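Engineer: Residue 2 is where the sequence shown starts when you use this note's numbering, and the numbers rise one by one after that. C-beta: ideal position from N, C-alpha, C; glycine also. Note that the structure is a prediction, hence the values are computed from the model and not measured.
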Amino acid sequence: MDYHLLIENVTNPALLFFVLGIVAVSLKSDLEIPPNSSKFISLYLLFSIGFKGGQELSHEPITGEIAGAMIFGLLLSALIPWFAFFILKTRLSLADSGAVAASYGSVSAVTFVTAVSYLEAHQHAFHGYMVAVMALMESPAIIMGLVLVRLYQPKSNQKLDIGSVIRHSITNGSVLLILGSLIIGFIADTKQAEGIKPFTTDLFKGFLAIFLLDMGIHSGRKLKSFFAYGWFPLLFAIFFPLVNGCLIGWLSGYVVSDVSSQFMFAILAASASYIAVPAAMKIAIPTSDPGLYLPMALAVTFPVNITIGMPIYFWIAQL
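(1) By the three-class DSSP mapping on this structure, what secondary structure does residue 65 have?
(2) Identify whether residue 129 lies in helix, strand or coil by the three-state DSSP scheme.
(3) Could you tell me the alpha carbon to alpha carbon distance between residue 187 and residue 62, rounded to whole angstroms?
(4) How is the alpha helix (DSSP H) around residue 237 delimited, first residue to last?
(5) For residue 282, I'd like the list of residues in its chain whose CB is within less than 6 Å of its CB, leaving aside the five on either flank, ordered along the chain.
(6) Is the separation between the beta-carbon of residue 269 and that of residue 71 shorter than 9 Å?
(7) Looking at the ligand HEM, does it come within less than 8 Å of residue 115, judged from the CB to the closest heavy atom?
(8) Hey, residue 221 and residue 15: beta-carbon distance below 9 Å or not?
(9) Could you tell me the boundaries of the alpha helix (DSSP H) in which residue 116 lies?
(10) Check each candidate in 313, 307, 33, 267 and name the one with the smallest Cα separation from residue 78.
(11) For the alpha helix (DSSP H) that contains residue 1, what are its first and last residues?
(12) Counting C-beta neighbours from all protein chains within 10 Å, is the total for residue 255 16 or more, i.e. buried, or is it exposed?
(13) Which residue wins for smallest C-alpha separation from residue 89, given the options 316, 312, 294, 302?
(14) Just to confirm, is the Cβ distance from residue 19 to residue 214 under 9 Å?
(15) Among 84, 308, 180, which residue has its Cα nearest to the Cα of residue 115?
(16) In terms of alpha-carbon separation, which member of 67, 37, 242 lies closest to residue 85?
(17) When you compare the CB positions of residue 112 and residue 271, do they come within less than 9 Å of one another, or not?
(18) Could you tell me the alpha carbon to alpha carbon distance between residue 53 and residue 91, rounded to whole angstroms?
(19) Mind checking which residues open and close the alpha helix (DSSP H) that includes residue 36?
(20) Beta carbon of residue 273, beta carbon of residue 303: below 9 Å?
(21) Alpha carbon to alpha carbon, how far is residue 128 from residue 249? Give it in angstroms, no decimals.
(22) How would you write the range of the alpha helix (DSSP H) that residue 104 sits in, first residue to last?
(23) May I have the straight-line CA-CA distance separating residue 311 from residue 28, to the nearest angstrom?
(24) What number of angstroms, rounded off, separates the C-alpha of residue 47 from the C-alpha of residue 275?
(25) Decide if residue 132 is buried, meaning its Cβ has at least 16 other Cβ atoms within 10 Å, or exposed.
(26) My output table needs one value for residue 210: the three-state DSSP class, helix, strand or coil.
(27) Among 261, 292, 56, which one has its Cα closest to the Cα of residue 190?
And the structure:
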């Protein structure tokens, strides 16, 4: 692997702001991004990547490769939580196993956004159809996690309402915004879209850096309660996504032909949801512990992916 990629990533300003957030918590600083500002920035990032993806998709013919990529994404979002569940239930409760499995089968929009920025920094074109792939991978993983919990807990009084789960997944704010932005970007006139390009493109990296600062603060606050579960969740949160990212980064070469899409598939397979899945699990599996799956996804897997994961996946994709 070309280690200068790792050094470049570790010295990326956005990543350094994430580290600053963790340091601020450890120093007991009162540094904090106001909740309303944080929500606005997260909405902006989803809007920007969705709109740019839609614009890119409008310039690409719908080919067999694109259709294959979407099918491949759907399969990943069902198979990864299934495999994860059987590893997790050897050490965790069924409810927690299902919730964690759903998190790792689903995707992190923020990791995806960071990966797009990484590609742009390395002069690789991002293909808009990968936004559609990401959106498609959100719901199947949640459904799979709930089904597995139900199958292994047949006497449970908790009813599994698939329709409600699908509805909740699709109408989740982050999913709806990125899907809606993708569609708007796809149908928008190219000349008219140029008018908002300074907002969707030029401001993107600055907002990403502030958002990662906020993510660092939240991660630092959740680390203490997480370690009460011992070493197993920590090791899982480090190695499971890395193995997935490396494996899918290689396998996706049989589905898509370009480096950027292989890299994005690796990121999708390696990332873990800490927005849509927790919202769904709170309703569908209330006995699961967010103090476990949230820190696993946000405080461990997310920083692992954006520090050492991305250079490794990029290297594998280039092979």
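Structural biologist: Let's see:
(1) helix
(2) coil
(3) Their Cα atoms are separated by approximately 12 Å.
(4) 232-252
(5) Only 100, 289 meet the Cβ criterion.
(6) no
(7) In the structure shown, the ligand HEM is absent, as is every other ligand, since no ligand is present at all.
(8) no
(9) 110-122
(10) 267
(11) Residue 1 falls outside the range modelled here, since the chain spans only 2 to 320, and no answer is possible.
(12) exposed
(13) 294
(14) yes
(15) 308
(16) 242
(17) Contact: yes.
(18) 42 Å
(19) Residue 36 -> alpha helix (DSSP H) spans 36-59.
(20) yes
(21) If you take the alpha carbons of residue 249 and residue 128, they lie about 18 Å apart.
(22) 95-106
(23) 28 Å
(24) 14 Å
(25) buried
(26) Helix at residue 210.
(27) 56
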